[in-house]
Amino acid sequence: QKEVEQNSGPLSVPEGAIASLNCTYSDRGSQSFFWYRQYSGKSPELIMFIYSNGDKEDGRFTAQLNKASQYVSLLIRDSQPSDSATYLCAVNDYKLSFGAGTTVTVRA
Amino acid sequence: NAGVTQTPKFQVLKTGQSMTLQCAQDMNHNSMYWYRQDPGMGLRLIYYSASEGTTDKGEVPNGYNVSRLNKREFSLRLESAAPSQTSVYFCASSEGRADTQYFGPGTRLTVL
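One line per chain: the protein sequences are A and B, in this order. Reading the first sequence from the start, the letters are residues 13 to 120 in the working numbering. Reading the second sequence from the start, the letters are residues 486 to 597 in the working numbering.
Spelled out as structure tokens, the structure:
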């Protein structure tokens, strides 16, 4: 089983809607979790990190972590065309393991 | 503050040729990493250096070597390139191993 699994895309949402991205991980001892955004042809850039169970909000982005279920998610509220990108979930258990990514397209 | 820089941006090699990818960071980070990214595979760790003077293998180290030249610089060498090494290579750095990693712009390598 792959260490980090993301829901397969692509995910298409209308402008203004909520995009919901999911990620599960296999190592129960993992401590820190990251969401990166990657535009086509560019390098990954950090959106958010989360260490504790619960929700963490930053502007239009909310990360949710449930360590008991080994699940981390990212919500993008009021989606904009500029949010169209691939979103990478990463889990750090002394090495950063990445999921394959979910491509999001926001339709104007 | 340039962050993480990589050279070259693009490279085409023939099978069996060698080359070195260069990476430098100006954030005084302790840890540096090399990843490759292939379609549908996400980012896979090749080698990392937790601190100056140390290097360790990642998930896919075969066919590569690394050198942590000093705190700023971490190079990746392909001794005998193979078509399977065609990929986009990213260098990253972080303050410590558990901290946020910051990525360079990448090197697109094609091996014919």
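Ideal placement from N, C-alpha and C gives every residue a C-beta, glycine not left out.
Asked, Found
"beta-carbon B/G488 near the ligand ATP non-hydrogen atom, thresh 7 Å", "The ligand ATP is not part of the structure shown, which contains no ligands of any sort."
"Inter-stretch contact (C-beta, 8 Å, three-pair minimum) for the region 33-50 of chain A and the region 78-86 of chain A", "yes"
"B/G581 beta carbon less than 8 Å from that of B/L563", "no"
"For A/S85: DSSP bridge partner residues", "A/N34 and A/Q76"
"Three-state secondary structure (DSSP) of B/P590", "coil"
"For B/S565, the three-state DSSP class (helix, strand or coil)", "coil"
"CB contact below 8 Å: B/A583 versus chain A", "yes"
"Cutoff 8 Å: A/D46 Cβ touching any chain B Cβ", "Here residue 46 of chain A turns out to be Phe, not Asp, going by the sequence shown. Yes, A/F46 counts as interfacial toward chain B."
"Cβ distance (whole Å) where B/M517 is taken to contact B/C576 below 8 Å", "7 Å"
"Check whether B/V497 and B/F588 have beta carbons under 8 Å apart", "no"
"Contact with chain A by B/M517, beta-carbon distance below 8 Å", "no"
"Pairwise C-alpha distance: B/S572 and B/L594", "6 Å"
"Proximal chain B residues relative to A/N104, where beta-carbon distance stays under 7 Å", "A583"
"B/T539, buried or exposed, once every other Cβ within 10 Å from all chains shown has been counted against 16", "exposed"
"DSSP three-state assignment for A/S6, whether helix, strand or coil", "Summary: the structure shown does not reach residue 6 of chain A, with chain A confined to residues 13 through 120, and so no result is reported for it."
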